[in-house]
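Visitor: Pasting a structure below so you can have a look.
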Amino acid sequence: MIYHPEQYRLRDQRMKPFIDPDEIWDYLNSVKPDKQRVRDVIQASLEKKRLSLEETAVLINATDPDLVEEIKEGARTLKEKVYGERIVLFAPLYVGDLCTNNCQYCGFRSSNKGVKRLTLSDNELITETKALIDQGHKRLILVYGEHPKYSAEFIAETVRIVYGVKHGSGEIRRVNINAAPFDIPGFRTIKDAGIGTFQVFQETYHEPTYARVHLGGVKRNYEWRLTALDRAQEAGIDDVGIGALFGLYDWRFEVMGLVRHVNHFEAVYRVGPHTISFPRIQNALSLDIDKTHIVKDEEFVRLVAILRLAVPYTGLILTAREPAHTRTQVLRFGVSQIDGGTNLELGGYSKAKKEEQDLSMEQFQINDTRSLNEIMDELIRSGYIPSFCTACYRLGRTGEHFMEFSVPGFIKRYCSPNALLTLAEYLEDYAPEDTKAAGYKLIDEKVEELGKHQKTDRLNEKILQIRQGKRDLYF
Ligand code: SAM
Ligand code: SF4
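Per this note's numbering, the very first residue in the sequence shown carries number 927; after that it's consecutive.
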């Protein structure tokens, strides 16, 4: 590959820390959010331009209630015009909670003596995967503590085991990972197992806070974590997910940190991260943290709307940490992926559902305990198209998230039809009768809508084939 001088300069930025706290604070302390400026920034975002740090600060500093409403409205418009109605569903599967780190906020921290430490055996992993397939899942994220036992080879093997499970008419078609950062050879080993996204959350971009809450283990090293996904990129994993744990430090700083992280990837690797996660700290076993920066509901809604506008191309993940009503509210601002039927207990999917969570075997408390079907049903009745699509990943159409928005007609040609096909599969194999009826009504309406712009014969034919028992059809 031949690099231009500018690219040489950018390639020098690889695996180097890129957060400058003074730069972030200068913007947050100096940018004045007058009405016209806020409107111009929203407009830039609606033209699908990723916002600069300065522009993001304009939105963050706009605290006037009318301007906050305009920002939320902008995020809703972006969601409707750009993203459409698809919501991708997935489930987390905890493989092991051994951990040598001591992260103050986490139930699995090494100093937490009340935790039952276990790692799923191969058979237990298969049993859990089958239970998830029985719910209707096609996409999982495997989650691990940080421990010598969870080496790159171990993780790669668990991925292969999950892909190998065929059960009834289903299987898991995409396995994502949330685990400790690796070195480049380690990331390569994991890539070779055929993973989708590799997620590493920075937790906080504010280094002094990072040092305060990470009390032991490899994770104490801020820079090793900050540059983790650069190493993943170097190893060929160009599908990465970033995140911050909201509640550790000032949420405004963290939003700026996330946007800076996106800028870094776009500048250096020419591809932004696939997803951003923005978990809020939840209760966990013997949790004792400083509550100064806990993010209130209204701030949370604002920060999601700001993130949506700041990074129009990046997928936003909202998990069952949040209660159903918050999820329903925030979905409208452009969240693209949610989990459903979530159970954080190790081995929990294949056991009878408990009334209450057992925090001695779970990383934190969740607040949306609805089953996958309850969530599917609500999405369908609200006009969203729940999707289990994995087509791009399996056809090697990498950078699909970018393609969705940059290739004219891509969403209508591929994403929407594929979402409808995976929904039809779900309705046939896993849905109760009333969800099935509502789901097929939605499919009919959406096919008709698509028919206004393009031929739908092949889509109709594939839907019919699914009703007749064929599976795994996509464009
Ligand atoms: N051990 C891996 C690591 O630390 O990167 C996997 C991470 S953990 C299993 C997944 C994420 O959960 C963490 O990165 C953190 O952001 C989040 N998390 C940890 N404790 C939490 C809590 N009490 N409430 C909400 N989220 C939490
Ligand atoms: Fe371990 Fe991850 Fe929990 Fe930290 S957040 S204690 S690294 S499982």
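Ideal Cβ positions, reconstructed from N, Cα and C, are used throughout, including at glycine. Bear in mind the structure is a predicted one, so any value in this text is a computation, not a measurement.
#1: My understanding is that residue 1110 touches residue 1160, with C-beta atoms under 8 Å, so please give their C-beta distance in whole angstroms.
#2: Flag this pair as yes or no: are the beta carbons of residue 1347 and residue 1392 separated by less than 8 Å?
#3: I'd like to confirm the pairing. Which residues does DSSP put opposite residue 1318 in its beta bridges?
#4: Leaving out the 5 sequence neighbours to the left and right, which residues in its chain are closer than 6 Å to residue 943 when beta-carbon positions are compared?
#5: Pair every Cβ in the segment 1087-1095 with every Cβ in the segment 1042-1052, then say whether three or more of these pairs are closer than 8 Å.
#6: Please give the ranges of any beta strand (DSSP E) in the segment 1324-1372, keeping only runs that are unbroken, at least 3 residues long and fully inside the region.
#7: Could you tell me whether the Cβ atoms of residue 1198 and residue 1237 are closer together than 8 Å?
#8: To the nearest angstrom, report how far apart residue 1375 and residue 1243 are at their CA atoms.
#9: Does the segment 1055-1062 come close enough to the segment 1167-1178 to have 3 or more Cβ pairs within less than 8 Å?
#10: Which one of 1383, 1397, 1303, 1209 has the shortest CA to CA distance from residue 1367?
#11: Taking the C-alpha atoms as reference points, what is the distance between residue 967 and residue 984?
#12: Using three-state DSSP, classify residue 927 as helix, strand or coil.
#13: Classify residue 927: buried if its beta carbon has 16 or more other beta carbons within 10 angstroms, exposed otherwise.
#14: Using CA atoms only, rank isn't needed, just tell me which of 1280, 960, 1279 is closest to residue 992.
#15: Excluding the five sequence neighbours on either side, which residues of its own chain have a C-beta within less than 7 Å of the C-beta of residue 1181, listed in chain order?
#16: Are there any heavy atoms of ligand 1 lying less than 7 Å away from the beta-carbon of residue 1289, as far as the coordinates show?
#17: By alpha-carbon positions, which one of 1204, 1166, 1192, 1163 ends up nearest to residue 1179?
#18: If you check the beta carbons only, do residue 1041 and residue 1270 fall under 8 Å apart?
#19: Is residue 1070 near ligand 1, going by C-beta to nearest heavy atom under 7 Å?
#20: Is residue 1185 helix, strand or coil by DSSP?
#21: In angstroms, rounded to a whole number, what distance separates the CA positions of residue 1320 and residue 995?
#22: Can you tell me whether residue 894 is buried or exposed, with buried defined as 16 or more other CB within 10 angstroms of its CB?
#23: Which whole runs of the beta strand (DSSP E) in the segment 1055-1079 are 3 residues long or more, in chain order?
#24: As an exercise, report each continuous alpha helix (DSSP H) stretch of at least 4 residues that is fully enclosed by the segment 1235-1314, in chain order.
#25: Just to confirm my understanding: we take residue 1365, look at its own chain, exclude 5 residues before and 5 after, and list those with CB closer than 7 Å. What are they?
#26: Does the Cβ of residue 1005 have 16 or more other Cβ atoms within 10 Å, making it buried, or fewer, making it exposed?
#27: Can you pull the DSSP bridge partners for residue 1203?
#28: Here's a check: name, in chain order, each residue in its chain whose Cβ is nearer than 7 Å to the Cβ of residue 1397, leaving out the five neighbours to either side.
#29: As an exercise, report each continuous beta strand (DSSP E) stretch of at least 3 residues that is fully enclosed by the segment 1074-1114, in chain order.
#30: Between which two residues does the beta strand (DSSP E) harbouring residue 1020 extend?
#31: Tell me where the alpha helix (DSSP H) around residue 955 begins and ends.
#32: Would you tell me roughly how many angstroms separate the C-alpha atoms of residue 1317 and residue 1102, rounded to the nearest one?
#33: With a 10 Å radius around its C-beta and 16 neighbouring C-beta atoms as the bar for buried, classify residue 1073 as buried or exposed.
#34: For the candidate residues 1291, 948, 1157, 1121, whose alpha-carbon lies nearest to that of residue 1247?
Guide: Answer, in terms of the structure:
#1: 5 Å
#2: yes
#3: Answer is none; residue 1318 lacks a bridge partner.
#4: 1149, 1152
#5: yes
#6: none
#7: yes
#8: 27 Å
#9: no
#10: 1303
#11: 8 Å
#12: With a pLDDT of 43 at residue 927, under the threshold of 50, the modelled position of this residue cannot be trusted; read the value that follows with caution. Coil at residue 927, not helix or strand.
#13: For residue 927, the pLDDT reaches just 43, beneath the cut-off of 50, and the residue's location in the model is therefore unreliable, leaving the point undetermined.
#14: 960
#15: 982, 986, 1229, 1232, 1233
#16: yes
#17: 1204
#18: no
#19: yes
#20: helix
#21: 40 Å
#22: This structure cannot speak to residue 894, because the chain is shown only from 927 to 1401.
#23: 1065-1070
#24: 1250-1257, 1298-1307
#25: 1306, 1349, 1353, 1357
#26: buried
#27: 1169, 1243
#28: 1095, 1351
#29: 1100-1104
#30: 1012-1022
#31: 947-956
#32: 15 Å
#33: buried
#34: 1291
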